[in-house]
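Colleague: This structure is in structure tokens; I'll ask about it shortly.
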């Protein structure tokens, strides 16, 4: 029996990312209209490579995604994960792959970025599904954003990194 | 697993299961196809449907699934794939909709297995996303 699981399933989102550049300009995961700024929309060719496995252009994970924007606004000085507002939730309601959760009790997570470092990140999602003894998928698969990995890399030597794992645990985020 | 929706790139697809066991008898168990090196997932086009007689016999992955039968370690106990040590199914980088490699799982039941409906197990895929 062959079962096909679909990704993404609806993933609850409590935070969105936001960066502040040297000139105080902010750039966020969502613009004021609720449209998402995907990494592929603002990176440069320097952030990509040709994957030898299929010949297609891919994104270099943990490269400086904001390098193109930094040319206009100066270096990223602050990276934040900010809780959603009710207004943003309404604007993002059309998204099929996320459930915006507004929780006024959660706090913003903010990290200052030293001059000699750049900031980069990835998310880790899980898709859980029930499997019967016959191999069937049981019930609806459930999605969860389990981890946000924030990485500070040295600008001269990007291999020198400081990694912050921000774990989603019991409806709260914890910086570890 | 199929990909769709809004993303820049998904990668590093891993899989694990919970510790629930079924009453599959002494030599019964739950296995997944294994590769000696690289990703353990099976490209979708290489998937082979198990054959046999329903309720009586079935052909094992180790024998009848050509993507795994030539490996030194052809299958492994699925219960060894845990949240702290998930199996890497597919290390490819996906930037467009499509499907990842498959995780190939098979249950075997010994003659002393206990009959009855088994509780569903929870399996989990882990996916990195940019």
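Residue numbers (the working numbering), protein chains in the order written: chain A, 874 to 1049; chain B, 285 to 414.
Backbone N, C-alpha and C fix where the C-beta goes; we use that ideal spot for every residue, glycine too.
1. So, is residue 314 (chain B) buried or exposed, given that buried needs 16 or more other C-beta atoms within 10 angstroms?
2. Residue 985 (chain A) bridges to which residues according to DSSP?
3. Starting from residue 351 (chain B), trace the alpha helix (DSSP H) in both directions and tell me its first and last residue.
4. Classify residue 904 (chain A) as buried or exposed, calling it buried when 16 or more other Cβ atoms lie within 10 Å of its own Cβ.
5. Mind listing, in chain order, the continuous beta strand (DSSP E) runs of no fewer than 3 residues lying wholly within the segment 955-1030 of chain A?
6. With a threshold of 6 angstroms on Cβ separation, who are the neighbours of residue 991 (chain A) within its own chain once the five nearest residues in sequence on each side are excluded?
7. Could you name the residues of the same chain whose beta carbon sits closer than 6 angstroms to that of residue 384 (chain B), not counting the 5 residues immediately before and after it, in chain order?
8. My output table needs one value for residue 373 (chain B): the three-state DSSP class, helix, strand or coil.
9. Roughly how many whole angstroms lie between the Cα atoms of residue 390 (chain B) and residue 920 (chain A)?
10. Could you tell me which residues DSSP pairs with residue 890 (chain A) in its beta bridges?
11. Report yes or no: is there a C-beta of chain B within less than 9 angstroms of the C-beta of residue 903 (chain A)?
12. What's the C-alpha gap between residue 996 (chain A) and residue 1022 (chain A)?
13. Once you ignore the five residues that flank residue 290 (chain B) on each side, which residues in its own chain have a CB closer than 6 angstroms to its CB?
14. Residue 994 (chain A): beta carbon under 8 angstroms from a heavy atom of the ligand NAP?
15. Quick one: give me the first and last residue of the alpha helix (DSSP H) that residue 922 (chain A) is part of.
16. When the distance is taken between beta carbons, is residue 879 (chain A) closer than 9 angstroms to residue 450 (chain B)?
17. In angstroms with no decimal places, state the Cα-to-Cα distance between residue 957 (chain A) and residue 397 (chain B).
18. Leaving aside the five residues before and after residue 403 (chain B) along the sequence, list all residues of the same chain whose C-beta is less than 7 angstroms from its C-beta, in chain order.
19. List, in order along the chain, the chain B residues whose C-beta lies closer than 8 angstroms to that of residue 1011 (chain A)?
20. Compare the Cα-Cα distances from residue 891 (chain A) to each of A:911, A:885, A:883 and report the closest residue.
21. When Cβ atoms are compared, which residues of the segment 962-973 of chain A fall closer than 9 angstroms to chain B?
22. For residue 1045 (chain A), does the three-state DSSP call read helix, strand or coil?
23. Output the boundary residues of the alpha helix (DSSP H) element that contains residue 401 (chain B).
24. Going by the CB atoms, is the gap between residue 979 (chain A) and residue 950 (chain A) shorter than 9 angstroms?
25. Near residue 889 (chain A), which residues of its chain fall below 8 angstroms by C-beta distance, leaving aside the five closest residues on each side in sequence?
26. On the DSSP bridge list, what partners appear for residue 1036 (chain A)?
27. Identify each residue in the segment 973-991 of chain A for which the Cβ-Cβ distance to at least one residue of chain B is less than 7 angstroms, and report them in chain order.
28. Using a Cβ cut-off of 9 angstroms, pull out every chain A residue sitting near residue 408 (chain B), in sequence order please.
29. Residue 412 (chain B) to residue 1010 (chain A), Cα distance in whole Å?
30. Shorter than 9 angstroms from the beta carbon of residue 291 (chain B) to some beta carbon of chain A?
31. With H, G and I counted as helix, E and B as strand and the rest as coil, what does DSSP make of residue 912 (chain A)?
32. Give me, in chain order, the residues of the same chain whose beta-carbon lies closer than 8 angstroms to that of residue 1046 (chain A); leave out the 5 immediate sequence neighbours on both sides.
Modeller: By the coordinates alone:
1. buried
2. A:951
3. 350-353
4. By the neighbour-count rule (16 or more Cβ atoms within 10 Å), residue 904 (chain A) is not buried but exposed.
5. If only complete runs of 3 or more residues are kept, the segment 955-1030 of chain A shows the beta strand (DSSP E) at 971-973, 982-985, 990-1004, 1010-1027, in order along the chain.
6. 937, 1026, 1028
7. Here residue 384 (chain B) has 285, 297, 374 as same chain residues with Cβ atoms under 6 angstroms from its own Cβ, once five neighbours each way along the sequence are excluded.
8. strand
9. 41 angstroms
10. A:954
11. no
12. For residue 996 (chain A) and residue 1022 (chain A), the distance between alpha carbons rounds to 6 angstroms.
13. none
14. Among the ligands in the structure shown, none appear at all, so the ligand NAP cannot be discussed.
15. No alpha helix (DSSP H) contains residue 922 (chain A), which is instead part of the beta strand (DSSP E) from 921-923.
16. The structure shown has nothing for residue 450 (chain B), since chain B only spans 285 to 414.
17. Spanning the alpha carbons of residue 957 (chain A) and residue 397 (chain B) requires a straight line of approximately 51 angstroms.
18. 304
19. The contacting residues are 404.
20. A:911
21. Going along the segment 962-973 of chain A in chain order, one finds 968, 969, 970, 971 with a Cβ nearer than 9 angstroms to chain B.
22. Because the pLDDT of residue 1045 (chain A) is 45, which lies under 50, any placement of that residue in the model is unreliable, and the question is left without a value.
23. Per DSSP, residue 401 (chain B) is not a residue of any alpha helix (DSSP H), being assigned neither H nor E.
24. Not closer than 9 angstroms, so no.
25. 901, 902, 903, 954, 955, 957, 961
26. A:1024.
27. none
28. 999, 1000, 1001, 1002
29. 22 angstroms
30. By this cut-off, residue 291 (chain B) is an interface position.
31. In this structure, residue 912 (chain A) counts as helix in the three-state DSSP scheme.
32. With a pLDDT of only 46 at residue 1046 (chain A), under the threshold of 50, the placement of this residue in the model should not be trusted; the figure read from the coordinates follows. Counting only Cβ-Cβ distances below 8 angstroms, and skipping sequence neighbours, we find 887, 888, 954, 979, 982, 1021, 1039, 1040.
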